[in-house]
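Numbering (the numbering used here), first residue to last: 12 to 159.
Each residue gets a CB set at the ideal place from its N, CA and C atoms; glycine is no exception.
The structure presented is a predicted model; accordingly, all values stated were derived computationally and were not measured.
Here you go:
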């Protein structure tokens, strides 16, 4: 069997000091994560980031920068994830948006509120990405070169 990493996307969306996060069920536990998920066949990273955010939070977003490419090994399932994390601007909330199965709903939390809920984080990637964002890490979107 050949080892294959999982390509995922995530978004950091900040508005007035609050970050758009997702409360969801994962492995039978209620957890907090960034809007995030897997790339689908034929989808660009930017398309996936917008789709996943809408499906998990009900918000339309516009990616403005790449925060970074993160590698995370999940001890819970033995999977290695390659996460393309974007910085996105909230455009608008979609009324009555249908959220993915397992999603409880969106949360807007400050970094301090998130720290108080650290045991609920899906992984260490949640605060790691927010902290990189707060440090000012940014890369232009054209850093990612995709062919049609």
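- In the structure shown, the three-state DSSP call for residue 51 is coil.
- Approximately 27 Å separates the beta-carbon atoms of residue 12 and residue 113; this is outside 8 Å, ruling out the contact.
- Within its own chain, the residues whose Cβ lies closer than 6 Å to the Cβ of residue 154, once the five positions on either side in sequence are excluded, are 77, listed in chain order.
- Beta-bridge pairing by DSSP links residue 140 to no other residue.
- Counting the other Cβ atoms within 10 Å of the Cβ of residue 129 gives fewer than 16, which makes it exposed.
- Short of 7 Å from the beta carbon of residue 75, and not among the five residues preceding or following it, lie these beta carbons of its own chain, in chain order: 98, 99 and 100.
- Per the coordinates, the alpha-carbon of residue 143 lies some 12 Å from the alpha-carbon of residue 122.
- Taking each of 53, 118, 108 and 139 in turn and checking the Cα distance to residue 94, the smallest one comes out for 139.
- Annotated as proximal: residue 49 and residue 19, with beta-carbon spacing under 8 Å.
- In the DSSP assignment, residue 15 falls outside any alpha helix (DSSP H) and carries neither an H nor an E.
- By the 16-neighbour rule on beta-carbons within 10 angstroms, residue 156 is exposed.
- In the structure shown, the three-state DSSP call for residue 135 is coil.
- Taking 4 residues as the shortest admissible run, the region 59-147 contains the following complete alpha helix (DSSP H) segments, listed from N- to C-terminal end: 122-127 and 136-145.
- Look at the beta carbons and you see the region 43-59 touching the region 22-34: at least three pairs across the two are nearer than 8 Å.
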